[in-house]
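In this note's numbering, the protein residues as written are 750 to 1380. Structure, as C-alpha cells:
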Amino acid sequence: MKPSQPQHPLIPMMNAGWGRNVGMGEKPKKFKSTTYRLLRYFLPYKWSLIFVVASTILGTGFGILGPRIMGNITTQLYQGLVRQRRGIGSIDFAAVAHGLLILAALYILSAAFTYFPRYIMAYVSQNSIYDLRQQLDHKLTSLPVSYFDTHAHGDILSRFVNDFDNISSTVQQSLTQIIQAIVTFFGVLVMMLLISPIMTITVILILPLSFYFTKIIARHSQRFFLWRQTVLGELNGHIEEMYTGHQVVKAFNREPEAIQRFSEINDRLYSATWKAQFATSIIMPVMNFLSNLSYVFVSVVGAILVTMGRIQIGAILAFIQYSRQFSQPITQLSSISNVIQSAIASAERVFEVLDAPEEPQILDPHHLCQVQGAIEFDHVSFGYVSGHPVIRDMTLNIKPGQRIAVVGESGAGKTTLVNLLMHFYNVITGSIRIDGVDIRFIPRPELHHVLGMILQDTWLFHGTIRDNIAYGQPEATNEKILAAAKTAQVHHFIQTLPQGYDTVLNEEAINISSGQKQLLTIARAIMVNPPILILDEATSSVDTRAEVLIQLAMDHLMQGRTSLIIAHRLSTIQDADHIVVMEKGRIREQGTHLELCQLRGYYWQLYRSQYAHPEDLSKSGRLKTLDLTSR
C-alpha cells in the first residue's frame, strides 16, 4: 500500500523500478565471511562431499599416472628398436601390451571417478541452494512492509532468480574443478621431480609470473562481476516496472523515455559484462604464453640431459605432458577465481536480504479474547522519514460496532492511519489499542485475523474464483463459498461465466472488470468474518452501478462490525456513525454528516464540491466556484 502523503524526496516510491546502483569499483564487503557462511549450507551433506573429494582425488591421481606409464612404454619401444637395429634383441611386445592394458585401466578408472563426483555434486549443490532459497522465501514473509517500500521488486526478483542461478552453477562446477586443479598441481609436481629435478626447477621458475598475472587479473575482475550483478538487478527492476505499468506508459506516450532508460541501463550492463568477460578471457592467452615459454626451456634442458645420458627419451615425452598439465591447474584456478568472485557477490546480495531487520518479536504477547471491536488512537504520531511527520498527535476513540469514516484530501494521512492500525509500521509516539490492548503486544497473525481489509487496489491471484474467495479460509465448504458470493452480490455474475466458480483468473485478473474484482474481494472478506473491517477507497475506481452493488455488499458486511471507512466519494459515508475529517495528519473536524454540514466548515465545502445544492447554482445552472482554500 502506498503512503497517502506526498512523497518526500528521500522516500523511494513503492514498486519503483530502481535497483541498488553500486559503483564499478565496489568489491564484496565481506568476502571471507560470506564464503564461510555459504559453505555452512553444505554441512548437512558432508558425507557426500567427502565422497566427492575422495573420488575426485582418485580420478585425478589415476589420470596423473598415465603420462609416466606412457613414457615407460615409449622408452621400451625405443630401446627395443635400438636393440633390433643392432641385432642384439627385439621389441618386447608382451611388456608393451601389459603397459597399454595398465594405461587403459587407469584412464577408465579416472573417467569413472571423475563422472560420479560431478553427479553427486549436482545433487548436493541443488539441495543446498534449495535450502537457501527456502530460507530466503521465509525471510521475505518476516520482513516489515517498510523493506518492500524501499527496495525495488525487480531487484528482489533478480536476487531470487539470477543470483541463485549464479551461485548454483558455480558451486556445482567449481568444487570438483578446484580439487582437480589442486591434486593435479601437486601430483604433477611430484611426478616431474621424480623424472628430473633440474627440468622441474626450469618449469617452476615460470610459476611466479603465473601467480602474479593471476592476482592482477582477479583483483580487477572481482569488481566487474559485482557491478554486473548489481546492474542486472536494476535492469530487472526497470523491466518489471514498465511491464506492469505498460498501459500508463502508453497512455502518456512515455515509450521513448522508457526505451531510453532501458538503453542506458542496458549499456551499463553491456559495459560491466564486457569488462568482466574480458578480464576472464585474458587469462587464457597469458597462461598459454607462459606455458609455451616453459616448453621452450624444458625442450632445451631435456635435450641436453638426454645427450648426457641422465634421462631416457620417454621421460622427456612424459615430462612435456606433465609440464603442460602443470600450467593447466593455474589457468583453471584463475578462471575459477573469477567465477567464484561472481558467485560470492551474488551470495552477498542474497545474505543482504537474509540479514535485513525483521519485524520485532513480541516478548510478552497479549491475546485478544472475544473481540468487541473498540479502537483507540491515543496521541499517535508517525512519519516515514525522521523529521517529516505524517500523523501528528492524533487521538480518536471508536466504539464497538461503530462505523467511522475518514475523509480528507490526498496526503492528509488517511491510508497511513490504516497502515498503523494494521501494524505495518510502528508508531513513533503514542499507542493504538484494540479492546484496551496495545497492538504492539498482539501477535501479528492474531491481529491480522481480527482485521479484515478491502483496498482500492484489489489483489486476486492466478487461480479459480473459488480459490480466490476461499483465500482466507482454504478449508471452507462449497456452501460457505456460495453464501459469501451471494452476500457480496457477485453470485449472479459468477454463474454467467462458462466455468462458473471454476473460472481461472489470469495474471492480475484482467479478464474481469474492476467492480467484479472488488466484489470478489468483499466475498473473500466475508469468508474470514473479521470483527473489525477496514475499507480503503473500496468504490473509488468503479462505475455507479458497480458502486451500488459494492455498497450493498459492504452494508451487509459491516453489520455488527467496527468499520473504518476511508473514502473520497462522500455519498458512501453519509450514513456513517461518525466522520473524521483529516488535514495534514491532524483531525480538523469530526461528527455526523448532518453536524459537519451545519458547521459549514471544511467538510461542508468538500460536500458542496461534489453535490450541487440549489443555493450553489448560478442563473446559468452551473455550480458556483467554491473557495476551497479558505480553511
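Just so you know, even glycine gets a beta-carbon here, dropped at the ideal spot from N, CA and C.
Taking only three categories from DSSP, how would you classify N1002? For this step, residue 1002 is matched to residue 253 along the sequence shown. Under the three-state reduction of DSSP, N1002 is assigned to coil, being neither helix nor strand.
Uninterrupted beta strand (DSSP E) stretches inside the stretch 1149–1218 (no shorter than 3 residues): Listed in chain order, the complete beta strand (DSSP E) runs (minimum 3 residues) inside the stretch 1149–1218 are 1152–1156, 1178–1183, 1200–1204.
With distance defined between alpha-carbon atoms, name the residue in T919, Q1323, G1264, V1045 nearest to I878. For this step, residue 878 is matched to residue 129 along the sequence shown. Among T919, Q1323, G1264, V1045, the Cα nearest to that of I878 is on T919.
How far does the alpha helix (DSSP H) with V939 in it reach, from first residue to last? Position 190 of the sequence shown, counted from the first residue, corresponds to residue 939. Here the alpha helix (DSSP H) through V939 covers 913–944.
Rounded straight-line distance, which links the Cα of Q1090 to that of R908: Here the question's residue 908 lines up with position 159 in the sequence shown. Here the question's residue 1090 lines up with position 341 in the sequence shown. Looking at the two C-alpha atoms, the distance is approximately 16 Å.
Contact check, V1139 vs V1330 under 8 Å by CB: the rounded distance? Here residue 1139 corresponds to residue number 390 of the sequence shown, with the count starting at 1. Here residue 1330 corresponds to residue number 581 of the sequence shown, with the count starting at 1. That pair is no contact at about 16 Å.
Cβ-based burial, N770 [other Cβ within 10 Å; buried from 16]: In the sequence shown, the residue the question calls residue 770 occupies position 21. Reliability of the predicted coordinates at N770 is poor, the pLDDT of 37 falling under 50, and no value is obtained from them.
Thinking R1215 and D1251 are a contact (beta carbons under 8 Å), I'd like their distance in whole angstroms, please. By one-based count along the sequence shown, residue 1215 stands at place 466. By one-based count along the sequence shown, residue 1251 stands at place 502. With a beta-carbon spacing of about 6 Å, R1215 and D1251 fall inside the 8 Å limit used to define contacts.
Measuring CB to CB, does I1085 end up less than 9 Å from M1036? Counted from its first residue, the sequence shown places residue 1085 at position 336. Counted from its first residue, the sequence shown places residue 1036 at position 287. Taking the C-beta atoms as reference points, M1036 is found no nearer than 9 Å to I1085.
Would E1107 and P893 qualify as a contact pair, given that the criterion is a beta-carbon distance under 9 Å? The residue labelled residue 1107 in the question sits at position 358 within the sequence shown. The residue labelled residue 893 in the question sits at position 144 within the sequence shown. Contact: yes.
Would I1275 and A1233 be called neighbours here (beta carbons separated by less than 9 Å)? The residue you call residue 1275 lines up with position 526 of the sequence shown. The residue you call residue 1233 lines up with position 484 of the sequence shown. With a cutoff of 9 Å on beta-carbon distance, I1275 and A1233 are scored as near each other.
Please identify the residue among M940, M1307, P1114 whose C-alpha is closest to the C-alpha of G812. Here residue 812 refers to the residue found at position 63 of the sequence shown. Checked all of M940, M1307, P1114; the closest Cα to G812 is M940.
With the cut-off set at 9 Å, would you say Y1424 and D898 are in Cβ contact? This structure cannot speak to residue 1424, because the chain is shown only from 750 to 1380.
Taking 8 Å as the cut-off, does the stretch 1108–1120 touch the stretch 1156–1167 (at least 3 CB pairs, one atom from each stretch)? Touching, no.
Tell whether a beta-carbon distance below 9 Å holds between A1028 and S970. On the sequence shown, position 279 is the one that residue 1028 refers to. On the sequence shown, position 221 is the one that residue 970 refers to. It is a contact, given that the beta carbons lie within the stated cut-off.
Buried versus exposed, by CB contacts within 10 Å (16 or more), L1054: Within the sequence shown, the letter at position 305 stands for residue 1054. So L1054 ends up on the buried side.
Starting from L1348, trace the alpha helix (DSSP H) both ways and give me its first and last residue. The residue labelled residue 1348 in the question sits at position 599 within the sequence shown. Its alpha helix (DSSP H) spans residues 1342–1348.
The beta strand (DSSP E) spanning I1315 covers which residue range? In the sequence shown, the residue the question calls residue 1315 occupies position 566. Run containing I1315: 1311–1315, per the beta strand (DSSP E) assignment.
Taking the straight line between their C-alpha atoms, what separation do you get for I1336 and T1311? Position 587 of the sequence shown, counting from 1, holds the residue named residue 1336. Position 562 of the sequence shown, counting from 1, holds the residue named residue 1311. Between I1336 and T1311, the C-alpha separation is close to 20 Å.
Boundaries (first-last residue) of the alpha helix (DSSP H) holding H887: Within the sequence shown, residue 887 is the residue found at index 138, counting from 1. Per DSSP, the continuous alpha helix (DSSP H) segment holding H887 begins and ends at 842–891.
Excluding sequence positions up to five away, which residues of its chain have a Cβ less than 8 Å from the Cβ of A871? Stepping through the sequence shown from its first residue, residue 871 is reached at position 122. Here A871 has Q921 as same chain residues with Cβ atoms under 8 Å from its own Cβ, once five neighbours each way along the sequence are excluded.
Along the beta strand (DSSP E) that carries H1327, what are the first and last residues, could you check? Along the sequence shown, read from residue 1 onward, the residue named residue 1327 stands at position 578. Residues 1327–1332.
Short Cβ contact (9 Å threshold) for L1355 with A1302: Residue mapping note: residue 1355 aligns to position 606 of the sequence shown, counting from 1. Residue mapping note: residue 1302 aligns to position 553 of the sequence shown, counting from 1. Going by C-beta atoms, L1355 is not nearer than 9 Å to A1302.
Would you report the Cα separation of D1127 and D1142, rounded to the nearest angstrom? Residue 1127 sits at position 378 when you count from the first residue of the sequence shown. Residue 1142 sits at position 393 when you count from the first residue of the sequence shown. One alpha carbon belongs to D1127, the other to D1142, and they sit about 8 Å apart.
What is the DSSP secondary structure of Q1077, counted as helix, strand or coil? Taking the sequence shown and counting its residues from 1, the one referred to as residue 1077 is at position 328. Residue state, collapsed to three classes: helix.
Distance, Cα to Cα, F791 vs L924? Reading the sequence shown from its first residue, position 42 is the one you call residue 791. Reading the sequence shown from its first residue, position 175 is the one you call residue 924. Each residue's Cα considered, the two are about 12 Å apart.
My understanding is that R1073 touches S1020, with C-beta atoms under 8 Å, so please give their C-beta distance in whole angstroms. On the sequence shown, residue 1073 is found 324 positions in, with the first residue counted as 1. On the sequence shown, residue 1020 is found 271 positions in, with the first residue counted as 1. Taking C-beta atoms under 8 Å as the contact rule, R1073 and S1020 fail to qualify, at a distance of about 36 Å.
Got a sec? Which residues, its chain only, sit under 8 Å from Q926 by beta carbon, not counting five neighbours each side? Here the question's residue 926 lines up with position 177 in the sequence shown. Cβ within range, chain order: Q1081, I1085.
Among Q1077, T933, A854, R1098, which residue has its Cα nearest to the Cα of L885? The sequence position of residue 885 within the sequence shown is 136, counting from 1. Checking every option, the nearest Cα to that of L885 belongs to R1098.
With a threshold of 16 other CB atoms inside 10 Å of the CB of H900, please say whether the residue is buried or exposed. The count along the sequence shown starts at 1 and reaches residue 900 at position 151. Around the beta carbon of H900, a 10 Å sphere encloses 16 or more other beta carbons of the protein chains shown; the residue is thus reported as buried.
Which two residues bound the contiguous beta strand (DSSP E) that contains V1129? Within the sequence shown, residue 1129 is the residue found at index 380, counting from 1. Looking at the DSSP string, the run of the beta strand (DSSP E) that includes V1129 is 1124–1131.
Anyone know if the C-beta pair for G808 and A861 falls short of 9 Å? By one-based count along the sequence shown, residue 808 stands at place 59. By one-based count along the sequence shown, residue 861 stands at place 112. For G808 and A861, yes; Cβs fall inside 9 Å.
Residues bridged to V980 [DSSP beta-bridge criterion]: What you label residue 980 is simply residue 231 of the sequence shown in a count that begins at 1. Per DSSP, V980 has no beta bridge partner at all.
Thinking C-alpha only, which one of L850, L852, Q825 is nearest S839? Within the sequence shown, the letter at position 90 stands for residue 839. Checking every option, the nearest Cα to that of S839 belongs to Q825.
For D1326, which of E1332, R1318, K1333, E1344 has the nearest alpha-carbon? Mapped onto the sequence shown, residue 1326 falls at position 577. Minimum Cα distance to D1326 is reached at E1344.
How would you write the range of the alpha helix (DSSP H) that T1236 sits in, first residue to last? Here the question's residue 1236 lines up with position 487 in the sequence shown. In the DSSP annotation of this structure, the continuous segment of the alpha helix (DSSP H) that includes T1236 starts and ends at 1227–1236.
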